[in-house]
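Novice: Next up is a structure, given as structure tokens.
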Amino acid sequence: MEFVIYEAREGTGIITINRPSALNALNSQVLRELSQVLDEVDLNQVRALIVTGAGEKAFVAGADIGEMSALTKEEGEAFGRRGNQVFRKLETFPVPVIAAVNGFALGGGCELALSCDIRICSDNAVFGQPEAGLGITPGFGGTQRLARLVGAGMAKQMIYTARNIKAQEALRIGLVNGICSQEELMTEAMKLAAQIGANAPIAVRNCKKAISEGLQGTIEAGLALEEKLFGDCFETYDQREGMSAFLDKRKEKHFINQ
Ligand code: CO8
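So this is what it looks like as structure tokens:
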């Protein structure tokens, strides 16, 4: 792959968007490679994913404006659909995904971060949906996911004004969960991934499904889904291991994803 790097370390998969000469902007090839890399992750090995950008300046500075500039209406819609398919694959990826936002996360870059479960960022990070200033709407889920995450009022303000916000403001409005220095960002992301990875994998996956899918419907439907996924954990090796470790007052637990 030319623009996406993948490595797995200590049970964590790390996806790096690697097109620094264009601040990691998402062209069709990057989207294709991102989709392919997600298909190739070995879910027997990996308990959490991290998505980040190459270099010290940008996470992802948006969809590729050069590629988009001459699109017809039909091509624009198809490009949006392609991005939505890939980001939805990331959003519904079975294990938790952490965005380690290491700089500009604009347009499609902000939308990429929004498709992850958890966002942390470096203190130089900048978020924004500049599309209205480019004559388009957000097209990779920004109108939907930003409003769901930070509330309709704040999302509308960001999208209508096309104004970028810095890391501290992103933290204040709940767009990111934490900020650290750029040097510490990957260590912090790896720590978070390791904390997730130390828990029972089936339970963690079911938690992700319950929260993500539950939020899309009524509270009754969400609770019914939770009941199902809660029940689904019982009789697993890991449920017995987790509970017997507690009852035996044993600190070490050995979860095997079964
Ligand atoms: N697309 C293509 N190239 C880009 C992009 C981009 N989004 N962002 C940066 N680049 C390129 C620049 O053209 C430049 O290339 P070159 O060196 O060949 O001239 C290189 O990256 C470095 O960028 P700058 O020189 O501009 O760096 P600065 O430090 O001066 O500025 C900024 C950094 C502020 C991040 C600036 O690059 C910028 O404003 N970039 C564009 C940000 C933006 O508007 N992003 C949103 C794009 S629209 C979008 O994402 C819509 C998503 C949904 C699509 C739906 C499809 C239908």
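For the sequence shown, the tail end lands on 295 under the working numbering, and the numbers increase by one without skipping. In this text, a Cβ means the ideal position worked out from N, Cα and C, and glycines have one as well.
Could you give the residue range of the beta strand (DSSP E) that holds Ala-85?
Specialist: 85-90 is the extent of the beta strand (DSSP E) around Ala-85.
Novice: Apart from the five residues just before and just after Asn-64, which ones in its own chain have a Cβ nearer than 7 angstroms to its Cβ?
Specialist: Once the five neighbours on either side are set aside, the close Cβ partners of Asn-64 are Asp-101, Glu-104.
Novice: Can you grab the Cα-Cα spacing for the pair Ala-235 / Pro-175, in whole Å?
Specialist: The straight-line gap from Cα to Cα measures roughly 36 angstroms.
Novice: In this structure, how does DSSP classify Leu-143 when only helix, strand and coil are distinguished?
Specialist: If DSSP states are grouped into helix, strand and coil, Leu-143 belongs with the strands.
Novice: Answer yes if the segment 184-191 comes into contact with the segment 207-223, meaning at least three C-beta pairs across the two stretches below 8 angstroms, and no otherwise.
Specialist: Touching, yes.
Novice: Just verifying my parser: in three-state terms, what is the DSSP assignment at Ser-58?
Specialist: Helix at Ser-58.
Novice: Three or more beta-carbon pairs under 8 angstroms between the segment 270-287 and the segment 219-228, yes or no?
Specialist: The segment 270-287 vs the segment 219-228: no contact.
Novice: Between Val-123 and the rest of its own chain, which residues show a CB-CB distance below 6 angstroms, the 5 nearest in sequence each way excluded?
Specialist: Taken in chain order, the residues that qualify are Leu-68, Leu-71, Ser-72.
Novice: Which of the three DSSP states, helix, strand or coil, is assigned to Ala-204?
Specialist: Here Ala-204 sits in helix by DSSP.
Novice: Helix, strand or coil for Leu-63, going by three-state DSSP, please let me know.
Specialist: Note: Leu-63 maps to strand in three-state DSSP.
Novice: Grab me the residues of Ser-152's own chain with a C-beta within less than 6 angstroms of its C-beta, minus the 5 sequence neighbours each way, in chain order.
Specialist: Excluding residues within five positions, the ones whose Cβ falls inside 6 angstroms are Phe-124, Leu-127, Glu-128.
Novice: In three-state terms, what does DSSP make of Ile-239?
Specialist: DSSP places Ile-239 in helix when its eight states are reduced to three.
Novice: Mind checking who Gly-165 pairs with in its DSSP beta bridge?
Specialist: Leu-143.
Novice: Taking Ala-45 as part of the beta strand (DSSP E), name the residues at either end of that continuous run.
Specialist: Counting along the chain, the beta strand (DSSP E) containing Ala-45 begins and ends at 41-46.
Novice: By the DSSP assignment, the beta strand (DSSP E) with Cys-158 in it spans what residues?
Specialist: That run of the beta strand (DSSP E) goes 155-159.
Novice: Just the Cα atoms here: how many angstroms apart are Lys-52 and Gly-140?
Specialist: Sequence inspection shows Ile at residue 52; the Lys mentioned does not correspond to that position. Taking the straight line joining both Cα atoms gives about 16 angstroms.
Novice: Have a look at Ala-107 and Ile-157 and give me their C-alpha separation to the nearest angstrom.
Specialist: Distance between the alpha carbons of Ala-107 and Ile-157 is about 34 angstroms.
Novice: Pull up the DSSP beta-bridge partners for Ile-52, would you.
Specialist: DSSP, once it has assigned bridges, lists Tyr-43, Val-88 as partnering Ile-52.
Novice: Nearer than 8 angstroms: is that true of the beta carbon of Gly-144 relative to any heavy atom of ligand 2?
Specialist: This structure simply doesn't include ligand 2; it includes ligand 1 instead.
Novice: Could you tell me if Gln-253 is buried or exposed, where buried requires 16 or more neighbouring beta carbons within 10 angstroms of its beta carbon?
Specialist: Under this definition Gln-253 is an exposed residue.
Novice: Does the Cβ of Thr-198 have 16 or more other Cβ atoms within 10 Å, making it buried, or fewer, making it exposed?
Specialist: Burial call: exposed.
Novice: Under 6 angstroms Cβ to Cβ from Asp-154, same chain only, skipping five residues before and after it: list those, please.
Specialist: Pro-133, Val-134.
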